[in-house]
Amino acid sequence: MSTSNVPSGGFGELYLQIKALLDLSEEKFSFAKFEEQAKLLEMIIETRGINPSKLNISQASLLLYY
Numbered sequence: 001m002s003t004s005n006v007p008s009g010g011f012g013e014l015y016l017q018i019k020a021l022l023d024l025s026e027e028k029f030s031f032a033k034f035e036e037q038a039k040l041l042e043m044i045i046e047t048r049g050i051n052p053s054k055l056n057i058s059q060a061s062l063l064l065y066y
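Read left to right, the sequence shown gives residues 1 to 66 (full-length UniProt numbering).
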C-alpha cells in the first residue's frame with residue numbers, strides 16, 4: 001500500500017507521523033500493520049478496564065511502546 005492510499009486526517013495522519021519519526025519505509029511498516037497494532041492495543045485497553053482519558057502522557061507512551 002502506498003502512502004497515497006493512507007486516509008487523510010486523524011488515524012492516517014497519526015500513522016504518517018509515527019512512520020516518519022521511526023524513519024520506517026512503507027514496506028517495513030504498512031498502514032494495514034499499523035491498523036492491526038492499533039486494534040490490538042484497543043483490545044488490551046478494553047479487557048484491562050483502562051480508562052484512556054485518565055492516562056497521562058507517560059502512561060500512554062508506555063502503552064504504545066509495548
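We treat Cβ as the ideally placed atom computed from N, Cα and C, and that holds for glycine.
- Of the candidates A20, D23, L63, L63 places its Cα closest to the Cα of K39.
- P7 sits in coil when the DSSP states are folded into three classes, being neither helix nor strand.
- Under the three-state reduction of DSSP, I44 is assigned to helix.
- For the pair S8 and L22, the Cα-to-Cα distance works out to about 20 angstroms.
- Here K19 is buried: its Cβ has 16 or more other Cβ atoms, across all protein chains shown, within 10 Å.
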